[in-house]
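J.: Protein chains in written order, with the numbering used here: chain A, 6 to 182; chain B, 169 to 317.
One structure coming up, written as structure tokens, with questions to follow.
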């Protein structure tokens, strides 16, 4: 099979084909599909450990085929990489790496968020995972996951465009006669 | 997709996996040797060779000429050799010189003098040698019998 023949195959079919034949072209195709997305997620979550975590992730996938159990490979990859990032015993993941990322106010704003909010925002935005899956990854309820996502977005908006206008009088004044 | 999501996509577009990391991971992948599967080219070559061999066997003229294997030839050698080596026996050419050669060549040249002389001697019984049939016919045509004195 040539490079073009793999293009129409889904990730899961490619993975199956790779593990039955160990065809390097199939792996290259699979790797090319997800490498940039995974790298962006990892660098924004933990810049220092991104490379080693990704190496470990792909090594695991190469050594033994993941048990997808009907899930998408894309979801499996991000669930796995999230676990590896949590267990990464290198530099402090919360250390800010603003200078290492491209000079973008938005990316800097994302770095200002708490780890949970950043993770939820990136998993939903960058990795295009549904919030339900993100909630499973974070081991929280869907409702609180949605709240985290909203609060993260609000904080980001605030960082980018300043705080929302508030009415000058917040408390209602009761006039007693 | 909201505006800031578009902004996010634009901002991260330049973050791509570094080449060194790609090389490392692909190097790991190369350590797993591909599963050996049946070599299609070899089997194709073998198949075509077999097909050619079958065609050669079918088309080979030896089959239709009744070529025999050496063993069979050994059994039938006596019968076949007498037939294969048979040739039409040509009669041996007559040995010796033609006694009428000179006379015949003279006659062919148009000189009938000696022929007629021989013919007269034969008629008169002077000589015992008889002319051959062709010369006698020619003599009958061309020679006169002169009266004896």
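We treat Cβ as the ideally placed atom computed from N, Cα and C, and that holds for glycine.
The structure presented is a predicted model; accordingly, all values stated were derived computationally and were not measured.
Would residue 179 of chain A and residue 156 of chain A qualify as a contact pair, given that the criterion is a beta-carbon distance under 8 Å?
T.: Walking along the first chain from the start, residue 179 of chain A turns up at place 174. Walking along the first chain from the start, residue 156 of chain A turns up at place 151. No. Outside cutoff.
J.: Is residue 211 of chain B close to chain A? Criterion is C-beta to C-beta, closer than 8 Å.
T.: Taking the second chain and counting its residues from 1, one reaches residue 211 of chain B at position 43. It does not; no Cβ of chain A falls within 8 Å.
J.: With a threshold of 7 Å on Cβ separation, who are the neighbours of residue 132 of chain A within its own chain once the five nearest residues in sequence on each side are excluded?
T.: On the first chain, position 127 is the one that residue 132 of chain A refers to. Closer than 7 Å at Cβ, skipping near neighbours: 42, 46 and 83.
J.: Using CA atoms only, rank isn't needed, just tell me which of A/14, A/146, A/158 and A/89 is closest to residue 183 of chain A.
T.: Because chain A here runs from 6 to 182, residue 183 of chain A falls outside it and cannot be looked at.
J.: At what residues does the alpha helix (DSSP H) containing residue 143 of chain A begin and finish?
T.: Within the first chain, residue 143 of chain A is the residue found at index 138, counting from 1. Start and end: 136–143.
J.: Report yes or no: is there a C-beta of chain B within less than 8 Å of the C-beta of residue 63 of chain A?
T.: Position 58 of the first chain holds residue 63 of chain A. Yes, contact with chain B.
J.: Name the residue from A/12, A/112, A/68 and A/70 whose alpha carbon lies nearest to the alpha carbon of residue 49 of chain A.
T.: Taking the first residue of the first chain as position 1, residue 49 of chain A is located at position 44. Out of A/12, A/112, A/68 and A/70, A/112 has the C-alpha closest to the C-alpha of residue 49 of chain A.
J.: Would residue 81 of chain A pass as a contact of residue 196 of chain B if the rule is Cβ separation under 8 Å?
T.: In the first chain, counting from the first residue as 1, residue 81 of chain A sits at position 76. In the second chain, counting from the first residue as 1, residue 196 of chain B sits at position 28. It is not a contact, given that the beta carbons lie outside the stated cut-off.
J.: Ordered along the chain, which non-local residues of its own chain (more than five positions away) have a Cβ less than 7 Å from that of residue 291 of chain B?
T.: Counting from one through the second chain, the residue named residue 291 of chain B turns up at place 123. 313, listed in sequence order.
J.: Here's the rule I'm using: 16 or more other beta-carbon atoms within 10 Å means buried, otherwise exposed. How should residue 168 of chain A be labelled?
T.: The count along the first chain starts at 1 and reaches residue 168 of chain A at position 163. Its Cβ having fewer than 16 others within 10 Å, residue 168 of chain A is exposed.
J.: With DSSP as the reference, label residue 274 of chain B as helix, strand or coil.
T.: Translated into positions along the second chain, residue 274 of chain B becomes position 106. If DSSP states are grouped into helix, strand and coil, residue 274 of chain B belongs with the helices.
J.: Am I right that residue 142 of chain A and residue 92 of chain A are in contact with their C-beta atoms under 8 Å? What's the rounded C-beta distance?
T.: As a position in the first chain, residue 142 of chain A is number 137, starting the count at 1. As a position in the first chain, residue 92 of chain A is number 87, starting the count at 1. The Cβ separation is near 14 Å, so there is no contact.
J.: Mind checking which residues open and close the alpha helix (DSSP H) that includes residue 57 of chain A?
T.: As a working mapping, residue 57 of chain A is identified with position 52 in the first chain. Where residue 57 of chain A is concerned, the enclosing alpha helix (DSSP H) stretches over 55–68.
J.: Mind listing which residues of the stretch 114–128 of chain A have their C-beta closer than 7 Å to chain B's C-betas, in chain order?
T.: Listed by position along the chain: nothing, the set is empty.
J.: Can you give me the C-alpha to C-alpha distance between residue 258 of chain B and residue 273 of chain B, rounded to a whole angstrom?
T.: In the second chain, the residue the question calls residue 258 of chain B occupies position 90. In the second chain, the residue the question calls residue 273 of chain B occupies position 105. In a straight line, the C-alpha of residue 258 of chain B is about 28 Å away from that of residue 273 of chain B.
J.: Between the beta-carbon of residue 187 of chain A and the beta-carbon of residue 90 of chain A, is there less than 8 Å?
T.: As displayed, chain A neither begins before 6 nor continues past 182, which places residue 187 of chain A out of reach and without an answer.
J.: When the Cα atoms are used, what is the spatial distance from residue 12 of chain A to residue 30 of chain A?
T.: The residue given as residue 12 of chain A occupies position 7 in the first chain. The residue given as residue 30 of chain A occupies position 25 in the first chain. Answer to the nearest angstrom: the Cα atoms are 11 Å apart.
J.: How would you list, in chain order, the residues of chain A whose beta-carbon sits under 8 Å from the beta-carbon of residue 202 of chain B?
T.: Residue numbering aside, residue 202 of chain B sits at position 34 when the second chain is read from its first letter. Those are 26, 27, 28 and 29, listed as they occur along chain A.
J.: Please name the residues in the stretch 189–200 of chain B whose beta-carbon is closer than 9 Å to at least one beta-carbon of chain A, in chain order.
T.: Cβ contacts with chain A: 189, 190, 192, 193, 194, 196, 197, 198, 199 and 200.
J.: Could you have a look at residue 103 of chain A and say whether DSSP puts it in helix, strand or coil?
T.: Residue 103 of chain A sits at position 98 when you count from the first residue of the first chain. Low confidence applies to residue 103 of chain A: its pLDDT is 48, below 50, so where it sits in the model is not reliable, and the reading given next is rough at best. Here residue 103 of chain A sits in coil by DSSP.
J.: Determine whether the Cβ of residue 18 of chain A lies closer than 8 Å to any Cβ atom of chain B.
T.: Here residue 18 of chain A is taken as the residue at index 13 of the first chain, counted from 1. So, not an interface residue.
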